[in-house]
Amino acid sequence: EAFWREPVSRTVLPNGLTLIVTRDNSAALASVQVWVKTGSIHEGGHLGAGLSHFLEHMLFKGTETRTAHDIAREVDRVGGEFNAYTTREYTNYHCLILKEDWKIGLEVLADLVCNMKISNKDFELEKKVILQEIAMSDDTPEDIIFDYFEEYEGGTGEEVDINANLTYNPATGANYPFSDISHRPFPD
1 EAFWREPVSR
11 TVLPNGLTLI
21 VTRDNSAALA
31 SVQVWVKTGS
41 IHEGGHLGAG
51 LSHFLEHMLF
61 KGTETRTAHD
71 IAREVDRVGG
81 EFNAYTTREY
91 TNYHCLILKE
101 DWKIGLEVLA
111 DLVCNMKISN
121 KDFELEKKVI
131 LQEIAMSDDT
141 PEDIIFDYFE
151 EYEGGTGEEV
161 DINANLTYNP
171 ATGANYPFSD
181 ISHRPFPD
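Position one of the sequence shown corresponds to residue 1 (this note's numbering), numbered consecutively onward.
This is how it looks when you write it as structure tokens:
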């Protein structure tokens, strides 16, 4: 409860990046997060493909200065952890780390978000991972019910065929159109 009484500092940088900082002294941890205003509903002509989710996965493959192994090792050596998730409205990248090591978490997370490197090999490997996630979601009753609930027409009682509804866009993507996504050549 004390957390909610702490002051929040909000700063908008000249490039539009918004920083929100609050202090919580109840634990010896720092949570460094980047919230990107892009989710599956923002995928334009690729709506439903799960491109935001795909990029979330690709972010951890490396940067211009760090390999995926370097990223993991740098944060693991100080007991931190990275993770991310994608929703229909946004993508969140976060690092939980000891508070005295917050600068390490911020530096690595900033490098991931600003200097992502996508190789052709990683593109194809991660595409297979996403297709497996989609297949698992399609076999999970809770996920199916949630997706139907998301598509229910505002409580009107009108049935919705999610296979025909163009607004159907699970954050993970749907087998079609994600399976048809191809990439332009990326430098290796």
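Each residue gets a CB set at the ideal place from its N, CA and C atoms; glycine is no exception.
Taking one beta carbon from each stretch, the region 51-64 and the region 14-34 have fewer than 3 pairs nearer than 8 Å; the two do not touch. Taking C-alpha positions only, residue 52 is separated from residue 35 by approximately 12 Å. The region 40-51 and the region 103-114 do not touch, with fewer than three beta-carbon pairs separated by less than 8 Å.
Beta-bridge partners assigned by DSSP to residue 52: none are found. With the rule of 3 Cβ pairs closer than 8 Å, the region 123-133 does not count as touching the region 63-83. In this structure, 107 is the residue among 55, 67 and 107 with its C-alpha nearest to the C-alpha of residue 32. Assigned with DSSP and collapsed to three states, residue 73 falls in helix. Here the alpha carbon of residue 136 sits roughly 11 Å from the alpha carbon of residue 142.
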